[in-house]
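Here is the structure we will look at.
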Amino acid sequence: MPIISRGFRGRRRDDAPRDRVPPGQYVTDDFPVLSAGPTPHTPLDQWDFTIVGEVDERRRWTWDELRALPSETITVDISCVTKWTKLDTSWEGVSVDALLDGVETSAEYLTAFCDGGYTTNLPLADVTGGQAWIAFGYDGEPLEPEHGGPARLLVPHLYFWKSAKWVRGLRLTTTDEPGFWESNGYHIYGDPWKEQRYWGD
Amino acid sequence: MWPETDRVKTLALDVQDWTGHRAGQHVDVRLTADDGYQAQRSYSIASSAGGPRVELTVERIDDGEVSPYLTEEAHTGDRFELRGPVGGYFVWDPDPGGPVLLVGGGSGIVPLMAMARQRTANHDAVPTSLLYSARSWEDVIYRDELERYGKRGDGLEIVFTLTREQPPGWSGYGRRVDRELLAEVAPADLTLTFVCGPTPFVEAVAETLVGLGHEPSRIKTERFGPTGG
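What follows is the structure, given as structure tokens:
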């Protein structure tokens, strides 16, 4: 039994659809910014995206090459471990399926790596099958640097720290290697519907 | 519990089986209404490790959900659920190999205060500058304690800047943190910086420090948005 907080009623949003807001989350219309260090600014002519690690051969795309791939518009709900959920966010990006197409690998996991040194780990099965994108557009505009531009990973079914900002590539791995927050107290997988926020959840 | 400013209160909590924490970590507070409705938010711990109680300093966000309850409704003897401590990154390092800069905007001072308290309690020798940007003198949290720390002469320097209103005779800074101000306050051989505050504040400070030649990986940030409360 939880402790009842005497006199607490809360500010409920009756318009928040319960089946779309994971436990412990509240709906916000803002887009809060959370990151562990300064916002990097890599010029697009020096930007590339690579797939490395346990692969038959390294794959690489320049910015122009990535943007030339077929892109999709994705409308999804996102949930941050700091408790906010934002409904119906609209993104433009390239499906990770498209980038992994033809890549031979025995890997079952990956580490997304980023400008600024951030990393996060994911099972490969969570970024395939139309579940993940490299997103460069938000709400019809180029993705702003403070929200991860020029491009971020978008994996909306997991807590949003998995949707790595300023992503520069994926390193495929045979074992699940904890990334930045996963080494600093946060859950290795991060399913919002199971409230997998921290170690031990 | 006691007021820090008009909008800010500190709550001292007796926590069963508290295992201790590191300065800079946060906890999750979960409130439950009598019909089972719950809301939870994260709050930085204000107290140093090893104290008898876990202190949270909470700013009331007018359209917030948890902070109005904690600052106005809750009183001594009330109980609620706490989870933590959480976070292993934005934490005090007593020996980073060189001087430390702490930069706080508004209630972003809270985790930095935990660090200043930890440093004082442990007699850490690392030269430390704390730059605190507040709107006015009345908005400065932990005013007296910070002034005391600044006078101890133990290598902790406290610098205030009051961006909106300065008391008569104010001799400190009276503007938003900018490049010149940071260049003056930051030690030349700065090794590690912690920045905490609202997102635009943190973005500006971190970016300016990078522009001044400080290594991005040695600038640790923590941000909160308007929906924090």
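The listed protein sequences derive, respectively, from chains A and B.
When you number the first sequence by this note's numbering, it's gap-free, plus one each residue, and the end is 201.
When you number the second sequence by this note's numbering, it's gap-free, plus one each residue, and the end is 1229.
Idealized CB from N, CA, C, for every residue including glycine.
Please read all numbers here as calculations on a predicted model, not as lab measurements.
message: Out of V27(A), D29(A), P23(A) and V33(A), which one is the CA nearest neighbour of R1223(B)?
response: Distances from the CA of R1223(B) to each of V27(A), D29(A), P23(A) and V33(A) were compared; the closest alpha carbon is that of V33(A).
(message) Please list, in chain order, the residues of the segment 1101 to 1117 of chain B that have any C-beta partner in chain A closer than 9 Å.
(response) Correct list: empty, as no residue qualifies.
Is D88(A) helix, strand or coil when you go by DSSP?
Of the three classes helix, strand and coil, the one that applies to D88(A) here is strand, per DSSP.
Burial state of V126(A) (16 or more Cβ within 10 Å): One point to set straight first is that residue 126(A) is Asp, not Val, in the sequence displayed. D126(A) is buried by the Cβ-count criterion.
Starting from L1031(B), find everything on chain A with Cβ-Cβ shorter than 8 Å and list it in chain order.
In chain order: S5, F8 and G10.
| said: Taking the alpha-carbon of V52(A) as reference, which of I188(A), P178(A), T174(A) and G140(A) has the nearest alpha-carbon? | reply: Relative to V52(A), the option among I188(A), P178(A), T174(A) and G140(A) whose CA is nearest is T174(A).
* Asked: Going along chain B in order, which residues have a C-beta closer than 8 Å to the C-beta of N121(A)?
  -> The premise fails here: N121(A) is roughly 16 Å from chain B at the closest Cβ pair, so nothing lies under 8 Å.
Item to complete: Could you tell me whether the segment 91 to 105 of chain A touches the segment 26 to 40 of chain A, where touching means 3 or more Cβ pairs closer than 8 Å?
Response: Short answer: they don't touch.
What's the call for G1229(B), buried or exposed, on a 16-neighbour Cβ count within 10 Å? The predicted position of G1229(B) is uncertain, since its pLDDT is 39 and thus under 50; a value taken from the coordinates is nonetheless stated next. By the neighbour-count definition (other C-beta atoms within 10 Å, threshold 16), G1229(B) is a buried residue.
Which residues, in order along the segment 22 to 37 of chain A, keep a beta-carbon less than 7 Å from a beta-carbon of chain B? If the cut-off is 7 Å between Cβ atoms, the segment 22 to 37 of chain A has G24, Y26, T28, D30, P32, V33, L34, S35, A36 and G37 near chain B.
Quiz prompt | Burial state of P1226(B), where buried means 16 or more other Cβ atoms lie within 10 Å | solution = Bear in mind that a pLDDT of 45 at P1226(B), under 50, signals an unreliable position, so the number given afterwards is only what the model happens to contain. Counting of Cβ neighbours within 10 angstroms places P1226(B) among the exposed residues, the total staying below 16.
Discussion item. If I follow the unbroken alpha helix (DSSP H) through K1151(B), where does it start and stop?
Written reply: Start and end: R1143 to K1151.
C-beta contact flag for L1156(B) and A1114(B) at 9 Å: In this structure, A1114(B) does not lie closer than 9 Å to L1156(B) by Cβ.
Do we get a CB-CB distance below 9 Å when we pair G1228(B) with the residues of chain A? With a pLDDT of 38 at G1228(B), under the threshold of 50, the modelled position of this residue cannot be trusted; read the value that follows with caution. Cβ-Cβ to chain A under 9 Å: yes for G1228(B).
message = Residues of chain B with CB closer than 7 Å to the CB of K165(A), please, in chain order.
response = The contact set of K165(A) on chain B, defined by CB atoms closer than 7 Å, is empty, because the minimum CB distance reaches about 13 Å.
Rounded distance between the beta-carbons of E54(A) and T128(A), thought under 8 Å: About 15 Å; that fails the 8 Å criterion.
- Is there at least one Cβ from chain A nearer than 9 Å to T1057(B)'s Cβ? No, no contact with chain A.
Worksheet item: Cβ of T1128(B) within 9 Å of Cβ of L1101(B)?
Response: Taking C-beta atoms as the reference points, T1128(B) and L1101(B) count as a pair closer than 9 Å.
Exercise. So which of P178(A), L100(A), T120(A) and D201(A) has the shortest CA-CA distance to W61(A)?
Worked result: It is L100(A) whose Cα lies nearest to the Cα of W61(A).
message = Counting beta carbon pairs with one atom in the segment 1165 to 1183 of chain B and one in the segment 1043 to 1057 of chain B, are three or more of them shorter than 8 Å?
response = Taking 8 Å as the limit for Cβ pairs, the verdict is that the segment 1165 to 1183 of chain B does not touch the segment 1043 to 1057 of chain B.
Give me the Cα-Cα distance between F191(A) and R197(A), rounded to the nearest whole angstrom. Phe is not the amino acid found at residue 191(A); the sequence shown has Asp there. Whole-angstrom Cα-Cα distance: 8 Å.
(request) Answer with yes or no whether the minimum CB distance from A1183(B) to chain A is below 9 Å. (result) So no, A1183(B) is outside the interface.
Query raised in the report: Can you list, in chain order, the residues of its chain whose CB lies under 6 Å from that of V1205(B), leaving out five sequence neighbours each side?
Result: The residues are V1103, V1177 and V1195.
Margin query: Using a Cβ distance threshold of 8 Å, determine whether the segment 79 to 93 of chain A contacts the segment 19 to 36 of chain A, with at least three qualifying pairs required.
Written below: Yes: at least three Cβ pairs fall under 8 Å.
Tell me the rounded alpha-carbon separation between G149(A) and G1088(B).
Near 26 Å, if we compare the C-alpha coordinates of G1088(B) and G149(A).
Worksheet item: Taking only beta-carbon atoms, is D1074(B) less than 9 Å away from chain A?
Response: The residue asked about is misnamed: residue 1074(B) is Ala in this sequence, not Asp. Yes, because at least one Cβ of chain A sits closer than 9 Å to the Cβ of A1074(B).
Cross-chain neighbours of G117(A) in chain B, by beta carbon under 7 Å: S1217, listed in chain order.
Tell me which residues of the segment 1081 to 1100 of chain B have at least one Cβ-Cβ distance to chain A shorter than 8 Å, keeping chain order. Against chain A - using a Cβ distance shorter than 8 Å - the residues of the segment 1081 to 1100 of chain B are E1081, R1083, V1086, G1087, G1088, Y1089 and F1090.
Of the listed residues Y1142(B), V1054(B) and Y1132(B), nearest to H1007(B) (C-alpha basis): In the sequence as presented, His is not what sits at residue 1007(B); that position holds Arg. Of the candidates Y1142(B), V1054(B) and Y1132(B), Y1142(B) places its Cα closest to the Cα of R1007(B).
Distance, H147(A) Cα to L170(A) Cα: One C-alpha to the other measures close to 19 Å.
Integer Cβ distance of L213(A) from L124(A), believed to fall under 8 Å: Examination of residue 213(A) is not possible in this model, given that chain A is present from 1 through 201 alone.
| Proximity below 9 Å, CB of R1030(B) to CB of L1082(B) | Yes; because the gap between Cβ atoms is below 9 Å, this pair is in contact.
So I1219(B) and T1193(B) are supposed to be a Cβ contact under 8 Å. How far apart are they, rounded?
Under the criterion of beta carbons closer than 8 Å, I1219(B) and T1193(B) qualify as touching, at roughly 5 Å.
### Message
Run through chain A and tell me which residues come within less than 8 Å of D1078(B), C-beta to C-beta.
### Response
Ordered by position in chain A, the residues that pass the 8 Å Cβ test against D1078(B) are S5 and R6.
Point to revise | Cα-Cα separation between P1099(B) and G1150(B), rounded to whole angstroms | key: Straight-line Cα distance between these residues: approximately 16 Å.
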